[in-house]
Amino acid sequence: MTSETTREITYIAAIMEAIHQEMARDEDVVLFGQSVGNNPEDPFVQAYGDGRVRVTPISETAEIGMAAGAALAGKRPVVDCTMAEFLLVAMDQVVNEANRFHYMSGGRVTAPLVLKAGYGFTAGWAGQHTGSIYGMFMGVPGLKVALPATPADAKGLMATAIRDDNPVLFLHHYLLTLENGPVPEGEHLVPFGQAVVRREGADVTLVATGWTVGHALRAAEQLAAEGVSAEVIDPRTIAPLDTATVLESVAKTGRLVLVDQATRHSSVSSVIAAEVAEHGFSSLRAPIVQVTALDASIPYSKPMEDYILPDENKIVTAVRKVLGAGVVA
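Residue numbering for the sequence shown follows UniProt numbering, beginning at 1 and increasing consecutively.
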């Protein structure tokens with residue numbers, strides 16, 4: 001159920017509101033992390049006590065391992081992992097432990113666990129804290145992956161993640177942290193595996209993830225001034241991935257441009273391109289074009305960073321390319 005009353009709050013405030021409301025709703029929801037609950041003035045400690053809000057050692061393996069154990073014992077842990085790159089330290093726990101139990105037990109065991117982590121922090125953070133590494137998680141059986149692009153979806157997807165009976169990787173983009181948007185008050189749930197059409201169009205389909213959704217929408221505005229009608233789709237979750245909405249749009253427009261902050265060969269866009277090539281080839285009137293980060297680490301230099309990453313101008317150029325391309329034979 002979603003409230004009809006909305007108000008403007010930030011993307012990060014929407015995420016924390018969802019956690020707060022789920023903790024109030026269900027006493028089995030607990031919050032772990034290296035930077036949570038570390039002083040008595042913490043609002044979560046004040047609301048729920050230090051029994052449900054636990055500061056953890058500076059060890060991703062330990063905090064995620066403890067959370068997996070708590071999930072198997074009937075709790076619903078939310079782990080604030082800070083940055084997506086920190087998950088790499090604990091990959092066995094992330095991709096080979098809690099996500100396997102439901103399958104390996106024949107559906108008798110559940111592990112309701114949320115791993116919350118930021119990603120894509122460019123703006124001068126250089127190579128090791130800027131990765132868009134979600135592609136390496138989207139094909140892991142038993143692990144769901146959410147990539148909210150708006151404050152409302154950030155709240156709704158987090159609430160859905162906490163209620164899910166098995167592990168969810170919830171990735172929030174750092175550059176969206178303080179972005180404002182209308183967010184429903186009270187309970188708000190966004191279903192997994194249901195993409196949303198952010199803008200309807202007839203000439204070309206743009207599919208963008210996370211932070212790049214805003215770029216795609218701004219590119220669509222620029223294209224509209226040129227008489228081009230672009231449809232913009234936000235998958236919202238990449239595991240499960242809603243390919244049906246993309247295929248339906250491509251059947252209408254005949255053209256597809258994919259926008260992704262990840263490097264091309266570890267991107268969501270390459271997976272979507274493969275799905276459309278296999279299941280929607282007959283609809284295509286031009287080759288699929290991908291607008292992704294280049295296959296390079298993010299540099300410290302701002303001009304070089306801009307060169308590496310997708311932006312509105314690169315999206316517009318890609319659309320012009322597919323509009324000028326011949327019909328696929």
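The beta-carbon is built from N, C-alpha and C at its ideal position, and this holds for glycine as well.
Residue i, buried or exposed, once every other Cβ within 10 Å from all chains shown has been counted against 16
{"i": "Tyr-300", "result": "exposed"}
{"i": "residue 399", "result": "The structure shown does not extend to residue 399, since the chain spans only 1 to 329, so no value can be given for it."}
{"i": "Ile-58", "result": "exposed"}
{"i": "Gly-49", "result": "exposed"}
{"i": "Tyr-103", "result": "exposed"}
{"i": "Lys-302", "result": "exposed"}
{"i": "Val-328", "result": "For Val-328, the predicted model reports a pLDDT of 44, less than 50, meaning its position is unreliable and no value from the coordinates is stated."}
{"i": "Tyr-134", "result": "buried"}
{"i": "Asn-180", "result": "exposed"}
{"i": "Arg-255", "result": "buried"}
{"i": "Ser-267", "result": "buried"}
{"i": "Val-316", "result": "buried"}
{"i": "Ala-24", "result": "exposed"}
{"i": "Ile-132", "result": "According to the sequence as given, residue 132 is Ser; it is not Ile. That one is buried."}
{"i": "Asp-234", "result": "buried"}
{"i": "Ala-273", "result": "buried"}
{"i": "residue 330", "result": "With the chain covering 1 to 329 only, the question about residue 330 has no answer from this structure."}
{"i": "His-172", "result": "buried"}
{"i": "Asp-80", "result": "buried"}
{"i": "Leu-241", "result": "buried"}
{"i": "Ser-269", "result": "buried"}
Bridge partner(s) assigned by DSSP for residue i
{"i": "Val-291", "result": "Val-259"}
{"i": "Ile-9", "result": "Gly-181"}
{"i": "Ala-146", "result": "Phe-170 and Thr-237"}
Inter-residue Cα distance where the pair is residue i and residue j
{"i": "Val-197", "j": "Pro-40", "result": "43 Å"}
{"i": "Val-114", "j": "Glu-97", "result": "14 Å"}
{"i": "His-279", "j": "Gly-139", "result": "19 Å"}
{"i": "Ser-249", "j": "Phe-32", "result": "41 Å"}
{"i": "Ala-277", "j": "Lys-252", "result": "15 Å"}
{"i": "Arg-54", "j": "Ala-13", "result": "20 Å"}
{"i": "Glu-4", "j": "Ala-219", "result": "30 Å"}
{"i": "Val-319", "j": "Asp-295", "result": "21 Å"}
{"i": "Asn-313", "j": "Leu-72", "result": "48 Å"}
{"i": "Asp-311", "j": "Thr-212", "result": "8 Å"}
{"i": "Gln-261", "j": "Thr-292", "result": "5 Å"}
{"i": "Glu-60", "j": "Arg-236", "result": "26 Å"}
{"i": "Val-204", "j": "Ala-149", "result": "21 Å"}
{"i": "Val-190", "j": "Asp-28", "result": "21 Å"}
{"i": "Met-16", "j": "Thr-177", "result": "11 Å"}
{"i": "Thr-243", "j": "Ile-288", "result": "15 Å"}
{"i": "Asp-153", "j": "Thr-10", "result": "12 Å"}
{"i": "Asp-42", "j": "Val-30", "result": "14 Å"}
{"i": "Pro-65", "j": "Val-94", "result": "It should be noted that the sequence gives Gly, not Pro, for residue 65. For Gly-65 and Val-94, the distance between alpha carbons rounds to 9 Å."}
{"i": "residue 377", "j": "Gly-214", "result": "Given a span of 1 to 329 for the chain in the structure shown, any question on residue 377 remains unanswerable."}
{"i": "Tyr-119", "j": "Ala-208", "result": "16 Å"}
{"i": "Met-83", "j": "Ser-105", "result": "31 Å"}
{"i": "residue 334", "j": "Ser-283", "result": "Since the displayed the chain opens at 1 and closes at 329, residue 334 lies outside it and no answer follows."}
{"i": "Ala-147", "j": "Glu-22", "result": "Checking the sequence, you will find Leu at residue 147 rather than Ala. Taking the straight line from one Cα to the other gives about 19 Å."}
{"i": "Val-168", "j": "Pro-77", "result": "11 Å"}
{"i": "Ile-19", "j": "Arg-52", "result": "12 Å"}
{"i": "Arg-199", "j": "Ile-308", "result": "26 Å"}
{"i": "Ile-298", "j": "Phe-86", "result": "17 Å"}
{"i": "Glu-321", "j": "Ala-286", "result": "Position check: residue 321 holds Lys in this sequence, whereas Glu was assumed. Rounded to the nearest angstrom, the two C-alpha atoms are 9 Å apart."}
{"i": "Glu-8", "j": "Leu-217", "result": "20 Å"}
{"i": "Val-99", "j": "Gln-194", "result": "It should be pointed out that residue 99 corresponds to Asn in this sequence rather than to Val. Distance between the alpha carbons of Asn-99 and Gln-194: 21 Å."}
{"i": "Thr-56", "j": "Ser-35", "result": "8 Å"}
Three-state secondary structure (DSSP) of residue i
{"i": "Ala-117", "result": "strand"}
{"i": "Gly-33", "result": "strand"}
{"i": "Val-276", "result": "helix"}
{"i": "Ser-282", "result": "helix"}
{"i": "Leu-309", "result": "coil"}
{"i": "Glu-22", "result": "helix"}
{"i": "Gly-324", "result": "helix"}
{"i": "Phe-137", "result": "coil"}
{"i": "Ile-298", "result": "coil"}
{"i": "Arg-100", "result": "helix"}
{"i": "Val-109", "result": "coil"}
{"i": "Gly-156", "result": "helix"}
{"i": "Glu-17", "result": "helix"}
{"i": "Ser-132", "result": "coil"}
{"i": "Asp-28", "result": "coil"}
{"i": "Ser-267", "result": "coil"}
{"i": "Ala-329", "result": "Note that Ala-329 scores a pLDDT of 40, beneath 50, so its modelled location is shaky and nothing firm can be said."}
{"i": "Ile-315", "result": "helix"}
beta-carbon residue i near the ligand NAP non-hydrogen atom, thresh 8 Å
{"i": "Arg-108", "result": "The ligand NAP is absent from the structure shown, which contains no ligands of any kind."}
Contact with chain D by residue i, beta-carbon distance below 9 Å
{"i": "Glu-187", "result": "Looking for chain D here will not work: only one protein chain is present."}
Every unbroken beta strand (DSSP E) inside the stretch 163 to 247 [3 residues or more]: Within the stretch 163 to 247, the complete beta strand (DSSP E) runs of at least 3 residues are 168 to 173, 180 to 184, 196 to 199, 204 to 208, 230 to 234 and 237 to 239.
Segments assigned beta strand (DSSP E), at least 3 residues, entirely inside the stretch 36 to 85: Listed in chain order, they are 53 to 55 and 76 to 83.
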